[in-house]
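Here's the structure we're looking at; comments come further down.
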Amino acid sequence: YRNVDASLSRLPVAVLYIVANIALGIHLFHGTWSLFQSMGWNNPRFNSWRRGIATAVATAVVVGNVSFPIAVLAGIIEHPDV
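Start counting at 1 in the sequence shown, then tack on 988, and there's your number in our numbering.
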């Protein structure tokens, strides 16, 4: 807890963490999209739900991970006085 707070309270570290998670989201979107393509579900009638699933997976992971530095920088999570 202290390490997360101490690291992510530094703006350059938090920005790098957020940028890295956006890159992770792009990677997860592509991987999820390609997963269904590899399974043979590469048909225009499946593309809308494939895109939806890929977007949902990537968004869930990125939003969850990016919430940590935002919470630290916003003061929601504070360093304990121990």
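Where is the CB? At the ideal position from N, CA and C, for every residue including glycine. All values reported here derive from a predicted model rather than from experimental measurement.
Legend entry - Range of the contiguous alpha helix (DSSP H) that encloses ALA1002: For ALA1002, the enclosing alpha helix (DSSP H) covers residues 999-1026.
Legend entry - Distance between beta carbons of VAL1054 and ASN1009, contact taken as under 8 angstroms: 5 angstroms between Cβ atoms; contact.
Inset, instruction - Express the C-alpha separation of ALA1042 and VAL1001 in angstroms, rounding to a whole number. - result: Taking the straight line from one Cα to the other gives about 28 angstroms.
Inset, instruction - Would you kindly report the start and end of the unbroken alpha helix (DSSP H) that includes TRP1037? - result: 1032-1061 is the span of the alpha helix (DSSP H), which, as asked, contains TRP1037.
Legend entry - Alpha-carbon to alpha-carbon, ARG998 and ILE1075: This structure cannot speak to residue 1075, because the chain is shown only from 989 to 1070.
Inset, instruction - Output yes or no for whether 8 angstroms exceeds the beta carbon distance between ALA1046 and LEU1016. - result: Cβ atoms of ALA1046 and LEU1016: closer than 8 angstroms.
Inset, instruction - Closer than 7 angstroms by C-beta to ILE1006: which residues in its own chain qualify, once you throw out the five before and the five after it? Chain order, please. - result: Apart from sequence neighbours up to five positions away, the residues of its chain that approach ILE1006 with a beta-carbon distance below 7 angstroms are VAL1054 and PRO1057, ordered along the chain.
Legend entry - Beta carbon of LEU1012 nearer than 8 angstroms to that of VAL1050: Using a Cβ distance threshold of 8 angstroms, LEU1012 and VAL1050 count as a contacting pair.
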